[in-house]
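Student:
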Amino acid sequence: MTNQALTKEIIKEVMAVKGEVRGIVFKTDAEFVLKEKGEKSLKAVEEELARIGYPLNYKKLKTMSFYPLGVRVLSLLAIKKVCRFSEEDIKRMGAHAPKASFVIKLFAGFFSSITKTAEQAPKMWHKHYTVGRLTAESHEEKRYTVIRLHDLVIHPILCSYLSGYFATIVQMVVNAPVKTTEIKCPHRGDEYHEFLMKW
């Protein structure tokens with residue numbers, strides 16, 4: 629992923645994508661920035677978002693309310709720019725999110741096996757996002773899981789974030805290190821996103 633600036637073209641393209649996302653995603657991102665870079669950096673992210681015309685006060689966002697998906701991506705891009713985060717840092721931010729998400733904690737009872745988690749994954753997705761269709765299949769005996777995300781193409785930064793996010797959810801279930809690879813991606817010409825997680 630290139631270190632793209634928040635140009636008018638990118639902003640327009642991102643904001644044209646329909647859909648909403650729960651406020652918790654912003655909250656967990658802000659928590660990660662505070663932990664890694666401190667209050668000053670989070671304030672600088674808010675200033676960057678205000679500069680491009682999408683002001684955001686992370687502390688005032690409501691955890692369970694829905695916000696535009698485009699603003700969520702702009703938030704990630706502003707964090708990446710201000711904090712000088714690499715793609716790996718964005719993955720780490722995604723990996724941090726399930727540990728702090730109230731919605732994921734609600735589903736913790738379903739994490740008794742990777743098979744049950746795969747069955748519940750589409751419901752978990754729709755608790756966070758109003759767009760995109762997620763499917764998952766588990767192969768516990770072969771030690772891998774595949775997650776496919778259909779009907780959501782917005783910006784590659786979300787691919788990096790979700791790689792970390794999905795890895796942590798699987799890791800919470802299998803209790804072992806998980807390696808995630810996005811083997812298919814619409815940004816590379818594929819029909820949908822496909823994440824392969826091995827442990």
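In this text, residue positions in the sequence shown follow our numbering: the first is 629, and each later residue adds one.
Cβ coordinates follow ideal geometry from the N, Cα and C atoms, glycine included.
Note that this is a predicted model, so its numbers are computed, not measured.
Residue 677 and residue 658: beta carbons closer than 8 Å?
Tutor: It is not a contact, given that the beta carbons lie outside the stated cut-off.
Student: Identify the continuous alpha helix (DSSP H) that holds residue 643 and give its terminal residues.
Tutor: Note, residue 643: alpha helix (DSSP H), 636-643.
Student: What residue from 807, 792, 804 and 812 has the CA that sits closest to residue 778's CA?
Tutor: Checked all of 807, 792, 804 and 812; the closest Cα to residue 778 is 812.
Student: Can you tell which of 708, 691 and 799 has the C-alpha that lies nearest to the C-alpha of residue 664?
Tutor: Measuring from the Cα of residue 664, the nearest candidate turns out to be 708.
Student: Let me know the secondary structure DSSP gives residue 814 once reduced to three states.
Tutor: Note: residue 814 maps to helix in three-state DSSP.
Student: Sort 758, 801, 649 and 765 by Cα distance to residue 702 and report the nearest one.
Tutor: Residue 702 has its Cα closest to that of 649, out of 758, 801, 649 and 765.
Student: Can you look up residue 631 in the DSSP assignment and give me helix, strand or coil?
Tutor: Per-residue confidence for residue 631 stands at a pLDDT of 45, beneath the threshold of 50, marking its modelled position as unreliable; the derived number appears in the next sentence. Correct three-state label for residue 631: coil.
Student: Express the C-alpha separation of residue 769 and residue 630 in angstroms, rounding to a whole number.
Tutor: Residue confidence is low: residue 630 scores 41 on pLDDT, short of 50, so the model does not pin down where it sits. No coordinate-derived value is stated.
Student: May I have the straight-line CA-CA distance separating residue 674 from residue 723, to the nearest angstrom?
Tutor: Cα to Cα, the separation comes out at about 22 Å.
Student: Below 8 Å, can you find three or more Cβ-Cβ pairs linking the stretch 747-754 to the stretch 814-823?
Tutor: With a cut-off of 8 Å, the stretch 814-823 and the stretch 747-754 do not count as touching, because too few Cβ pairs lie within range.
Student: Report the three-state DSSP secondary structure of residue 793 (helix, strand or coil).
Tutor: Three-state DSSP puts residue 793 in a helix.
Student: Flag this pair as yes or no: are the beta carbons of residue 759 and residue 651 separated by less than 8 Å?
Tutor: No. Outside cutoff.
Student: Ignore the nearest five residues each way along the sequence and tell me which others in residue 726's own chain have a CB closer than 7 Å to its CB.
Tutor: Taken in chain order, the residues that qualify are 732, 793, 796, 797 and 800.
Student: Spatial neighbours of residue 656 within its chain, please: C-beta separation below 7 Å, excluding the five flanking residues on both sides.
Tutor: Result list for residue 656: 724, 725, 728 and 729, in chain order.
Student: Could you tell me which residues DSSP pairs with residue 749 in its beta bridges?
Tutor: In the DSSP output, where bridge partners are listed per residue, residue 749 has none listed.
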